Ligand code: IPE
Ligand code: IPE
Ligand code: MG
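Structural data, given as structure tokens:
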């Protein structure tokens, strides 16, 4: 088990990260884009470890979007192979540290050689409670909301769900994130782009956003701490007014 990192001040319960900039990081060094993804996998390890040591309940990483299938086949293939390497390489550490491994997205679109080991790690780690690590794979926020809407329509058509019963909880319970802390508290995106790129559209409704120009392969724990301190300094009002005395 890792040693805990003591932390003063509020921490997000659910932290999400858009891991961006691998390709540009590599290209700026005259390397193929895939080299950036490879170094990026080391950043994933470092972030998972730090979040677990800090006691963050849920970490959700955007690893491959539903739109990333548009990329050249060689890059897609390399990403799938890296994913397999990651699951095989991290299996022991995930299990030793009581981390529940979880995947969201259109997992049926992933090639079998990677889907099966992913599903196996989800199964064997399902009883772990200290942190849930979710990889968003072939994931899109619109796709997720459409899937929930389809289920609701099917249940309504079958007469098992009354239209009046369709409220926020009914939608949330049919999202791929149904077994995670519902809201994202803090979203970090690396590499300068300030957009959501179809990530967790529903769950980010009141998330605090933190952007850095640092590309994902260079992100370090110091910057994670900087983002967490910034989160602690934000006043989250959720549409209300500031509390008295604040
Ligand atoms: C993020 O890095 C990883 C994935 C989207 C799979 P990118 O590959 O998007 O890197 P840039 O943004 O092109 O530099
Ligand atoms: C978002 O990054 C997807 C992931 C990090 C997996 P992209 O690089 O695909 O997003 P855009 O194209 O810049 O919006
Ligand atoms: Mg990108």
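In the numbering used here, the protein residues as written are 63 to 308.
Note that the Cβ used here is the ideal one computed from N, Cα and C, for glycine as well.
Just so it is clear, the structure is predicted and the values come from calculations on it, not from any experiment.
Check	Outcome
Roughly how many angstroms lie between the CA atoms of residue 228 and residue 70, to the nearest whole one?	40 Å
What's the call for residue 109, buried or exposed, on a 16-neighbour Cβ count within 10 Å?	buried
Quick one: what does DSSP say residue 233 is sitting in, helix, strand or coil?	helix
Quick one: using the 10 Å Cβ neighbour count with 16 as the cut-off for buried, is residue 118 buried or exposed?	buried
At 4 residues or longer, what runs of the alpha helix (DSSP H) sit wholly inside the region 84-126?	84-89 and 95-116
State yes or no: is the C-beta of residue 85 nearer than 6 Å to some heavy atom of ligand 1?	yes
Write down every uninterrupted run of the beta strand (DSSP E) in the region 209-253 whose length is 3 residues or greater and which is fully enclosed by it, in chain order.	248-251
Whole angstroms are fine: how far does the CA of residue 129 sit from the CA of residue 86?	18 Å
Could you name the residues whose beta carbon sits closer than 6 Å to any heavy atom belonging to ligand 2, keeping them in chain order?	80, 81, 82, 124, 125, 126, 127, 130, 255, 257 and 259
From the DSSP output, which residues share a beta bridge with residue 201?	127
Return the residue from the list 112, 165 and 65 that minimises the CA-CA distance to residue 284.	112
Taking residue 201 and residue 156 to be in contact with their CB atoms under 8 Å, please state how far apart those CB atoms are, rounded to whole angstroms.	Incorrect: roughly 20 Å between the Cβ atoms, too far for contact.
At which residues does the beta strand (DSSP E) containing residue 162 begin and terminate?	161-166
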